[in-house]
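**Q** Its first residue numbered 3, the sequence shown is counted upward by one per residue in my numbering.
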Amino acid sequence: MTGTMTRREKKRLEDRFPPSLFAIYLGILLLMSGIHTGLVTLVNKSQWNALIQIIIPVVYWTLVSAGLTIFTRHKIIKTYDQPMKELAQAAARVAKGDFSVYIPPLHTSNRHDYLDLMFLDFNKMVAELGSIETMRTDFIANVSHEIKTPLAAIQNYVQLLQKPGLTKKEQETYTAAILSSTHRLSALITNILKLNKLESQQLTPQCKAYNLCRQLSSCALGFEQIWESKNIEFEAEMEDRAMIYADESLMELVWNNLLSNAFKFTEPGGSVTLRQWSEADSVTVEVSDTGCGISKKAKEHIFEKFYQGDTSHATEGNGLGLALALRVLQIMGAAIEVESEEGEGTAFMVQIPVKVDKEEKISV
């Protein structure tokens, strides 16, 4: 348990052997002592021989000791031994990979003591381990699938290149397809490594104050060839200067991913808009498009690893971009929201909290 415990919770930690139990022991011993005194008095009045006078108290206290020992052993087994054995057996099953283990609490919720809380924490831990194991299995399956796809394409085009009598145009086409698949494979591995480093906190953000508007302009210009080739109307509305305190290289991943998705899913002749504005305590960036939009079901999963709304995988991508962007924004203390209607376009809004300290330095 963490945090400050209430007096009632602290009392529960001592309730496995409560004071009332020791009061019962004391009462029994006092009662047995009284009975012993009565037996001794009775034996003396009856004037039994000395041997019987010795045997009777010995037998009596032997029975009393045996009874108390049996009662104590029963209480220890019921209170500690059985619950600990159950916990040990459950832990052994978890160690073997069985995450369906559940240990029911010993008491109802209003009478939980520290063993009940231990069992509840154990159940929670096992459930989280099971969830992690499921995610790991899904991750491996997804990685295998995503790697297999470009590799299969490379293999097919290499086999085509080995055929005799190919024209120069066919060779160029197959070579371009191979290069495209290798770029996709390279991007996948790069994103996996980045995401793994971010989630395992191996990548330490190098935060500094920089001009967000300059970075947004630079990222947008990187897609100029795409919007011109698709005849997409691109519009940018932003301030001349907006200083934020963040890791510039990591934030660049976010903007490139959002812009890339906007141009990718916008049909030729559509439009993409990049907007930025500042408020008293935050800077907001919005990337919107008139593309195919996102269904309600897909919108619930778009930030999950390897999730792609286009299940046919007809468009380029591996479903890691938004997961990577979300993790970066979480590290930077920023938030991202999405608004979309199927067939009407999508808008992603990133809100970066900022404040100005006494020295007029920007900080997240």
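Note that beta-carbon positions come from the ideal geometry of N, C-alpha and C, so glycine has one too.
Would you mind stating whether Val-285 and Val-356 have Cβ atoms separated by less than 8 angstroms?
**A** yes
**Q** DSSP beta-bridge partners for Met-127?
**A** DSSP, once it has assigned bridges, lists no residue as partnering Met-127.
**Q** Report yes if the C-beta distance between Cys-215 and Glu-241 is below 8 angstroms; otherwise report no.
**A** Yes, these two residues count as a Cβ contact at 8 angstroms.
**Q** Less than 8 angstroms between the beta carbons of Pro-107 and Asp-123, yes or no?
**A** no
**Q** How is Glu-172 classed by DSSP in three states: helix, strand or coil?
**A** helix
**Q** Hey, would you say Phe-305 sits closer than 8 angstroms to Val-274, going by beta carbons?
**A** no
**Q** Measuring CB to CB, does Ile-79 end up less than 8 angstroms from Ala-92?
**A** Between Ile-79 and Ala-92, the CB-CB gap reaches or exceeds 8 angstroms.
**Q** Any chance the stretch 252-259 sits against the stretch 322-332, with 3 or more Cβ pairs inside 8 angstroms?
**A** yes
**Q** Let me know if Thr-313 comes out buried or exposed under the rule of 16 or more other beta-carbons within 10 Å of its beta-carbon.
**A** Unreliable placement is indicated for Thr-313, whose pLDDT of 44 sits below 50; the coordinate value is still reported in the next sentence. So Thr-313 counts as exposed.
**Q** Taking the continuous alpha helix (DSSP H) assigned at Gly-69, which residues delimit it?
**A** 52-78
**Q** Less than 8 angstroms between the C-beta atoms of Ile-354 and Ala-282, yes or no?
**A** no
**Q** Val-60 to Lys-126, Cα distance in whole Å?
**A** 53 angstroms
**Q** Can Lys-232 and Pro-207 be called in contact, C-beta distance under 8 angstroms?
**A** Using a Cβ distance threshold of 8 angstroms, Lys-232 and Pro-207 do not count as a contacting pair.
**Q** Give me whichever residues DSSP pairs with Asp-291 in a beta bridge.
**A** By DSSP's assignment, Asp-291 forms a beta bridge with Val-274, Thr-348.
**Q** Cβ atoms of Ala-244 and Ser-280: under 8 angstroms apart, would you say?
**A** In contact: Ser-280 and Ala-244 (Cβ atoms closer than 8 angstroms).
**Q** Name the DSSP beta bridge partners of Tyr-1, please?
**A** The structure shown does not extend to residue 1, since the chain is modelled only from 3 through 366, so no value can be given for it.
**Q** Assign Ala-222 to one of three DSSP states: helix, strand, or coil.
**A** helix
**Q** Alpha carbon to alpha carbon, how far is Lys-165 from Asn-158?
**A** 11 angstroms
**Q** Apart from the five residues just before and just after Ile-54, which ones in its own chain have a Cβ nearer than 6 angstroms to its Cβ?
**A** none
**Q** In this structure, does DSSP put Gln-84 in helix, strand or coil?
**A** The three-state reading of DSSP puts Gln-84 in helix, counting H, G and I together.
**Q** Count the other CB atoms, across all protein chains shown, that sit within 10 Å of the CB of Pro-85; report buried if there are 16 or more and exposed otherwise.
**A** buried
**Q** Closer than 6 angstroms by C-beta to Glu-344: which residues in its own chain qualify, once you throw out the five before and the five after it? Chain order, please.
**A** Apart from the 5 residues on each side of it in sequence, Glu-344 sits with its Cβ closer than 6 angstroms to the Cβ of Gly-295, Ser-297 in its chain, given in chain order.
**Q** In this structure, does DSSP put Phe-236 in helix, strand or coil?
**A** Three-state result, Phe-236: strand.
**Q** Starting from the Cα of Pro-152, find the closest Cα among Arg-95, Leu-181, Lys-98 and give me that residue.
**A** Leu-181
**Q** Within 10 angstroms of the Cβ of Arg-399, are there 16 or more other Cβ atoms? Answer buried if so, exposed if not.
**A** Outside the shown range of the chain (3 to 366) lies residue 399, about which nothing can therefore be said.
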